[in-house]
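First the structure, in the form of C-alpha cells, and then the observations on it.
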Amino acid sequence: MKNSKLSVKSFIKQLNSKKYLKNKESILSEGIRIYKEDFNIENVDYIESLEDTDNKVDNIIAHENLKHLLDSTSSCQISDALGKLTGRNGVLKDIKSINGKRAYGRVVTSKTNSDDWGTSLLAIDQAKKGNVIFILSSGESSAIWGELTSTCSSKKGLAGTVIVGATRDIDLLLGSDYPVFATETVPNAGNPIGLGDVNVNLRIQEDMVRPGDFVFADNTGVVLIPQELFQEVMIETLKIKISESKIISQIKDGKPLSKIIGLR
Numbered sequence: 201m202k203n204s205k206l207s208v209k210s211f212i213k214q215l216n217s218k219k220y221l222k223n224k225e226s227i228l229s230e231g232i233r234i235y236k237e238d239f240n241i242e243n244v245d246y247i248e249s250l251e252d253t254d255n256k257v258d259n260i261i262a263h264e265n266l267k268h269l270l271d272s273t274s275s276c277q278i279s280d281a282l283g284k285l286t287g288r289n290g291v292l293k294d295i296k297s298i299n300g301k302r303a304y305g306r307v308v309t310s311k312t313n314s315d316d317w318g319t320s321l322l323a324i325d326q327a328k329k330g331n332v333i334f335i336l337s338s339g340e341s342s343a344i345w346g347e348l349t350s351t352c353s354s355k356k357g358l359a360g361t362v363i364v365g366a367t368r369d370i371d372l373l374l375g376s377d378y379p380v381f382a383t384e385t386v387p388n389a390g391n392p393i394g395l396g397d398v399n400v401n402l403r404i405q406e407d408m409v410r411p412g413d414f415v416f417a418d419n420t421g422v423v424l425i426p427q428e429l430f431q432e433v434m435i436e437t438l439k440i441k442i443s444e445s446k447i448i449s450q451i452k453d454g455k456p457l458s459k460i461i462g463l464r
C-alpha cells in the first residue's frame, strides 16, 4: 500500500477537526481528542472489506487515521508504548532487515524445516492483501525464502515477510520493494516439499506469535503486538509521538534535553 505520511502537526490538526465520531468513545491527551475506534485492529485490513460496510465514511476515516500513524511511526515508538503498557518491549531479537524496507500487518504464520521452502508457498496462498508472512524455520541453514517467493508475495499485495531462519538472493532482494527480514542469509536452499504447518502458534524466544497478531518491522528491529493489545498500543504510540514532537520543538528552541526530561 502507498505510504500516507503526515507531519505530527498535520495529523493532530486532522484528529482535532473530526466530527463524525463526536458521540463515540474518546480520550483527551495533551489537548488532543483521540477516538478509540480509529485504532481498532480491524481497520488494518479495512480496505479489503470496503464494499461490504454500511458505514463507509466512518470506516474510511478511521482506517486513514490508523494508516497515517503506522506510516509515520517507528519500531522504537511502538516498543516504548508496549513497554509502558505491559512492561515488555515486544522486540523479536536477531531479526534484521534485508533490504531496508519497512513492513507492518497482521501475520500469517508458518512453521517449517529449512529443507522445505514449499511451506512458504502454502503460507503465501493463504495470506490476504496486507498480511505479513511470519516463518519459523528449524534445522540446518538452508534458505526458505528468496527472489521467487518475494515476487509472488509482492504480486499478491502482501506487506512483507519476517523469517526466523534464512533467506537468499540478497543481491536481487536489495533491488526489490518487497520487505524481507531474516535472522541469516545463505546461498543454498532446500526443496519445495510443503510438509510444514500454516497458521499455527509459533514460540519465538519468550514470545508466542499467533495468527492475526500484528508485526511492525523497520531498519531498527521487529516488534510484535498481541492482537488484543493493538488498540491500546496504537493509542499509546500516538501519545508518545505527540510528546516527542513537543520535546523536539523545545530542543530546537534551545532548551537542554536534560532539563526537558527533568534531570535538572
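Our numbering applies: residue 201 is where the sequence shown begins, and numbers increase by one. C-beta: ideal position from N, C-alpha, C; glycine also.
Own chain residues within Cβ distance below 8 Å of residue i, not counting five before or after
i    : result
D252 : For D252, the pLDDT reaches just 47, beneath the cut-off of 50, and the residue's location in the model is therefore unreliable, leaving the point undetermined.
I324 : I333, T349, C352, S353, K356 and L358
I247 : With a pLDDT of only 48 at I247, under 50, the local geometry of the prediction cannot be trusted, and the value read off the model is given with reservation. Taken in chain order, the residues that qualify are M201, H263, K329 and G330.
A471 : Residue 471 lies beyond the range of the chain shown here (201 to 464); nothing can be said about it.
G339 : N313, S314 and D315
Identity of the residue in the options nearest residue i by Cα
i    : options                   : result
V398 : K267, A327, V291 and V386 : A327
G375 : V364, G346 and L395       : G346
P411 : T385, G283, L336 and R302 : L336
E370 : V400, A343, I234 and L438 : Sequence check: residue 370 is Ile here, not Glu. Measuring from the Cα of I370, the nearest candidate turns out to be A343.
S445 : V415, S341 and S272       : S272
V386 : D377, R368 and R403       : R368
V409 : T309, I363, G287 and N289 : T309
L429 : D413, I442 and G421       : D413
E406 : I442, E225, D238 and K293 : K293
Anticipated Cβ contact below 8 Å, residue i with residue j, distance rounded
i    : j    : result
I298 : A366 : 10 Å between Cβ atoms; not a contact.
Y304 : L270 : 5 Å
V307 : V415 : 5 Å
I447 : I234 : Contact flag wrong, Cβ pair sits at about 19 Å.
V291 : S274 : Going by Cβ atoms, the distance from V291 to S274 rounds to 12 Å, so no, they are not a contact pair.
Distance CB(residue i)-CB(residue j) smaller than 8 Å
i    : j    : result
V423 : L285 : no
V244 : G330 : yes
G318 : I425 : no
G390 : D453 : no
L372 : V380 : no
Q431 : N240 : yes
I420 : C276 : With the sequence shown as reference, residue 420 is identified as Thr, and Ile is not the correct amino acid for it. Yes; because the gap between Cβ atoms is below 8 Å, this pair is in contact.
V364 : I461 : no
I404 : A281 : no
S314 : S341 : yes
Cut-off 7 Å between Cβ atoms - residues of its own chain near residue i, not counting five sequence neighbours on either side
i    : result
L457 : I451
Residues near residue i in its chain [Cβ-Cβ closer than 6 Å; skip 5 each side]
i    : result
K459 : none
K301 : P379
S449 : none
>> Just to confirm the assignment: which complete alpha helix (DSSP H) runs, minimum length 4, are found wholly within the segment 315 to 375?
In response: 318 to 326, 347 to 356 and 370 to 373
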